[in-house]
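**Student:** In our numbering, the protein residues as written are 293 to 506. Glycine residues also receive a C-beta, built at the ideal position from the N, C-alpha and C atoms. The structure is given below, and queries will be raised subsequently.
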Amino acid sequence: MKAAAINRYGSADVIEFAEVPKPTIKPNQLLLKVHYASINPVDWKMRNGRFKLILGNKFPKVLGLECAGEVVEIGKNITKFKVGDRIIGSSFPGCYAEFTAVNENKAVKIPDSLSYADASTIPVACMTAYFSLFDLGKLNKGDKVLLNGASGGVGLFAVQIAHIIGADITAVCSEKNFNLVKSFGDNIRLVDYHKTDVTKENIQYKVVFDIVNS
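As structure tokens, then:
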């Protein structure tokens, strides 16, 4: 199959089209025909070698952490999906290919209201918000949470997730983005970082999610 791959670490110039083997799925995986794949900061960090101690020096490497596509094959242990389902998923390697293997626990069905293109931008930002708030922050209903950088991709997912579970949200962003943030949840305290330094407020938060600097 065709893929966008690298045979060494470096600048964007090292990315090239290549013929690579079509993935063979495991019992808990889906084979996805990729329709759209998105670009994340972690993709260029993988490409330029920042994570080479983790990724190693075995090439070629197919890049791309998130995509949207159609299920064309399912592993024998799959129970939540079927061939033909439209899903988003996260996979490495690699979503910059005609096909990719996605673990069942990293796949979600795409609502009919979303196109493949729009849906492909969801997985990494949404999972970053989810894991940060729940796996690390242990956020629960009623907890006070401070979201610094609430109007960005990860931030807006964090706002929605925290709102759904009933957390007490303080969202920090520019005033020009207040309406955008408010559109994703009610009863949100909005703070313009140009005017207010939240670190000087006498408020105790259960979770502080610094999306800007982390």
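Assuming Val312 and Val363 form a contact by the criterion Cβ under 8 Å, report the distance between their Cβ atoms to the nearest whole angstrom.
**Tutor:** Contact flag wrong, Cβ pair sits at about 20 Å.
**Student:** Can you have a look at Leu345 and say buried or exposed, based on whether 16 or more other CB atoms are within 10 angstroms of its CB?
**Tutor:** exposed
**Student:** For Ser382, list the residues DSSP reports as bridge partners.
**Tutor:** Glu358
**Student:** Please report how far the alpha carbon of Glu365 lies from the alpha carbon of Gly386, in whole angstroms.
**Tutor:** 17 Å
**Student:** Decide if Ala409 is buried, meaning its Cβ has at least 16 other Cβ atoms within 10 Å, or exposed.
**Tutor:** exposed
**Student:** Any idea which residues DSSP pairs Arg339 with across the strands?
**Tutor:** Looking at the DSSP assignment, Arg339 forms no beta bridge with any residue, so it has no partner.
**Student:** Could you give the DSSP three-state label for Asp435: helix, strand or coil?
**Tutor:** coil
**Student:** Assess, as a yes-or-no matter, whether the stretch 363-383 is touched by the stretch 439-458 under the definition of 3 or more beta carbon pairs within less than 8 Å.
**Tutor:** The answer is no - the stretch 363-383 does not touch the stretch 439-458, with fewer than three Cβ pairs under 8 Å.
**Student:** Any idea if Asn332 is buried or exposed, counting beta-carbon neighbours within 10 angstroms, 16 or more meaning buried?
**Tutor:** buried
**Student:** Which value, in whole angstroms, describes the spacing of the CA atoms of Ala296 and Ile456?
**Tutor:** Straight across, the Cα-Cα distance linking Ala296 with Ile456 is about 38 Å.
**Student:** Please tell me whether Val499 and Val490 are closer than 8 Å, where the distance is taken between their beta carbons.
**Tutor:** No.
**Student:** Using the three-state DSSP reduction, which class does Glu493 fall into: helix, strand or coil?
**Tutor:** coil
**Student:** Relative to the C-alpha of Tyr301, which residue among Arg339, Asp478 and Val446 is closest?
**Tutor:** Arg339
**Student:** Give me the DSSP bridge partner(s) of Tyr328.
**Tutor:** Ala360
**Student:** How long is the line joining the alpha carbons of Asp485 and Phe343, rounded to whole angstroms?
**Tutor:** As written in the sequence, residue 485 is Tyr, which differs from the Asp given in the question. Answer to the nearest angstrom: the Cα atoms are 32 Å apart.
**Student:** On a Cα-Cα basis, can you pick out the residue from Asp435, Lys325, Thr488 and Pro319 that is closest to Lys372?
**Tutor:** Pro319
**Student:** With the cut-off set at 8 Å, would you say Glu358 and Val451 are in Cβ contact?
**Tutor:** no
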